[in-house]
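**Q**
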Amino acid sequence: MNSRLLLAFLCLASFSTGCIVVDDDDRGYPGDVSFLWTFQGLRCDQARDVFGVNVEIPGERLHNGGRFACNTGGVDGITLHDFRAGTYPFVLRAVDVHNVVIYEAQGTFRIDGNTTVRADLMGQGDPASYALLNWTFPGNASCGQAGVASVDITLDERDPVNFPCIEGQRSPGLETPELEPGSHFIEFIARDYDGNPLYYFNGELVTQAYNPVSASFNLYAVGGAAISWKFSDGSVTMDCNQIDPSGALEVNVNFQDTATGEWVYGALGDWQECRAKPITYSFLRPGSYKVSLYAKKGNTEYRSNSNMAPILVRAHQFPPPDQALEVTMFRR
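Heads up, the sequence shown is in our numbering, so the first residue is 31 and it goes up one at a time.
(1) Taking buried to mean at least 16 other C-beta atoms within 10 Å of its own C-beta, is A176 buried or exposed?
(2) Can you check whether the CB of S213 is closer than 8 Å to the CB of C187?
(3) Let me check understanding here. Comparing Cα to Cα, which of S244, S318, M359 and Y133 lies closest to Q286?
(4) Rounded to the nearest angstrom, how far is the Cβ of A239 from that of P211, given a contact under 8 Å?
(5) Would you mind stating whether A115 and V83 have Cβ atoms separated by less than 8 Å?
(6) Three-state secondary structure (DSSP) at Q286?
(7) Anyone know if the C-beta pair for F348 and G254 falls short of 8 Å?
(8) Considering only the alpha carbon of each residue, which of E292, T288, W293 and V281 lies closest to Q302?
(9) Give me the residue from D274, Y324 and N170 with the minimum Cα distance to S258.
(10) Using CA atoms only, rank isn't needed, just tell me which of T310, F98 and R361 is closest to G328.
(11) Just how far apart, CA to CA, sit P60 and R91?
(12) Apart from the five residues just before and just after V178, which ones in its own chain have a Cβ nearer than 8 Å to its Cβ?
(13) How far does the alpha helix (DSSP H) with G71 in it extend, from its first residue to its last?
(14) Between S322 and the rest of its own chain, which residues show a CB-CB distance below 7 Å, the 5 nearest in sequence each way excluded?
(15) What is the residue span of the beta strand (DSSP E) that I309 lies within?
(16) Below 8 Å on the Cβ atoms is my contact criterion, and I expect R15 with T117 to pass it. Report the Cβ-Cβ distance as a whole number of Å.
(17) For S44 and F98, I'd like the C-alpha separation in whole angstroms.
(18) Output the distance between the C-alpha atoms of V294 and F313, rounded to the nearest integer angstrom.
(19) Using alpha carbons as the reference points, say which of D274, Q272 and R315 lies closest to A289.
(20) Need the endpoints of the beta strand (DSSP E) that Q272 sits in, please.
(21) State the beta-bridge partners of P119 as determined by DSSP.
(22) What's the C-alpha gap between I183 and G225?
(23) V80 and F65: beta carbons closer than 8 Å?
(24) Which residue comes first and which comes last in the beta strand (DSSP E) that contains A220?
(25) Secondary structure at P227, three-state DSSP: helix, strand or coil?
(26) Please state the DSSP three-state secondary structure of A345.
(27) Under a three-way DSSP split, which group does H93 fall into?
(28) How is D62 classed by DSSP in three states: helix, strand or coil?
(29) Could you say which of H346, K326, E356 and T146 lies nearest to A339 if we only look at CA atoms?
(30) For T146, which residues in the same chain have their Cβ closer than 7 Å to its Cβ, ignoring the five residues on either side in sequence?
(31) Using 8 Å as the threshold, is the C-beta distance between S244 and P202 below it?
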């Protein structure tokens with residue numbers, strides 16, 4: 031029987047009018063407290079920036095000043111021993127290697143025997159973090175085997191930055207600048223020692239608040255194409271200046287993969303100034319492509335023939351402008 035209930039029972043049994051039952055928080059059994067923690071749902075091995083957790087229990091002297099490793103004995107947490115019965119406030123602060131607080135939680139716990147506190151610490155301060163980037167090439171080739179000297183990386187609207195290829199093929203990876211949590215555009219251009227593009231990738235990089243992420247990208251071989259154009263009304267061939275002397279005319283260029291039917295530039299195509307021809311493309315996957323050109327001047331449209339022979343793009347081959355394929359757009 032609980033000691034408080036026993037005392038109350040004895041009071042009633044004695045028919046005494048002077049017996050008072052006091053609910054004293056300090057009555058109870060001593061014990062240990064075990065803190066188990068996560069960081070916005072992440073474990074220690076996922077919250078890479080967490081170096082340790084500082085535990086504060088006001089009025090209590092803790093081992094090592096309350097500074098503990100994130101994981102002890104395979105457990106994300108710590109057990110503190112020999113507390114008297116009672117209620118205690120606590121503060122948990124996860125810190126980085128510089129002892130800067132990056133997550134925090136606070137609350138109370140009650141000792142009446144051993145107890146466990148499960149705490150999910152919330153991020154503090156600037157939520158920006160970074161990514162650790164790795165890249166691979168077809169056949170899992172090394173930089174040397176792939177002939178790659180350096181890699182240009184573009185993040186969102188930032189200017190591209192060139193890095194030695196080896197930076198992305200060793201642990202833990204190339205560290206990006208700080209990024210806001212969420213989705214980011216990322217582009218890789220792997221270049222040989224002469225600066226020629228050999229491999230390419232663009233896509234999405236997703237970062238987390240407060241914690242770095244590891245991201246690996248498979249770059250694919252690329253080749254090129256060079257495209258030029260002229261116009262025809264069926265009998266007379268014309269150039270850009272004859273169609274539009276103002277120089278405002280634009281031409282829409284697109285490539286359709288004959289194997290998949292997919293358009294390289296989607297439904298919108300790639301708009302180019304008419305006078306800027308020839309145009310070189312350097313990041314096409316090797317394969318066979320139909321070329322589609324379109325232009326419009328006023329109410330007059332010009333299109334390339336849909337049945338023209340496809341072009342063949344070969345890996346690591348980039349036709350120069352003077353070898354551009356000249357495509358005729360016909361008045362419709």
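Built from N, CA and C at the ideal position, the CB exists for glycine as well.
**A** Straight from the coordinates:
(1) The residue in question, A176, is buried, as its Cβ has 16 or more Cβ neighbours within 10 Å.
(2) What sits at residue 187 in the sequence shown is Glu, not Cys. Result no, Cβ atoms of E187 and S213 do not sit closer than 8 Å.
(3) Checking every option, the nearest Cα to that of Q286 belongs to S318.
(4) Under the criterion of beta carbons closer than 8 Å, A239 and P211 qualify as touching, at roughly 4 Å.
(5) Contact flag unset, no.
(6) Note: Q286 maps to strand in three-state DSSP.
(7) With a cutoff of 8 Å on beta-carbon distance, F348 and G254 are scored as near each other.
(8) Selected option, being the one with the closest Cα: V281.
(9) Its Cα nearest to that of S258, the residue Y324 stands out among D274, Y324 and N170.
(10) Measuring from the Cα of G328, the nearest candidate turns out to be R361.
(11) Roughly 16 Å between the two C-alpha positions.
(12) Excluding positions up to five away in sequence, the list reads F167, C195, A220, R221, D222, L228 and Y229.
(13) That residue, G71, is in no alpha helix (DSSP H); it is neither H nor E in DSSP.
(14) In its chain, beyond the 5 residues on either side, N284, Q286 and S334 have a beta carbon closer than 7 Å to the beta carbon of S322.
(15) Segment I309 to L314, the beta strand (DSSP E) holding I309.
(16) Because the chain spans 31 through 362 in this model, residue 15 falls outside it and cannot be assessed.
(17) Only weak support exists for where S44 lies, its pLDDT of 42 falling under 50; the coordinates are left without a value.
(18) Roughly 10 Å separates the two Cα atoms.
(19) Comparing Cα positions, the closest option is R315.
(20) That residue, Q272, is in no beta strand (DSSP E); its alpha helix (DSSP H) goes C270 to I273.
(21) Paired residue(s): T138.
(22) CA-CA distance, I183 to G225, rounds to 14 Å.
(23) No, these two residues do not count as a Cβ contact at 8 Å.
(24) Under the DSSP assignment, A220 falls in the beta strand (DSSP E) whose first and last residues are G212 to R221.
(25) Annotated three-state conformation of P227 is strand, per DSSP.
(26) The answer is coil: DSSP assigns A345 none of H, G, I, E or B.
(27) Per DSSP, reduced to three states, the secondary structure at H93 is helical.
(28) Strand, per DSSP.
(29) When each option's Cα is compared against that of A339, the closest is E356.
(30) Within the same chain, S64 and L66 come within 7 Å of T146 by CB-CB distance, once the 5 residues on both sides are set aside.
(31) Yes, the pair counts as a contact, with Cβ atoms nearer than the cut-off.
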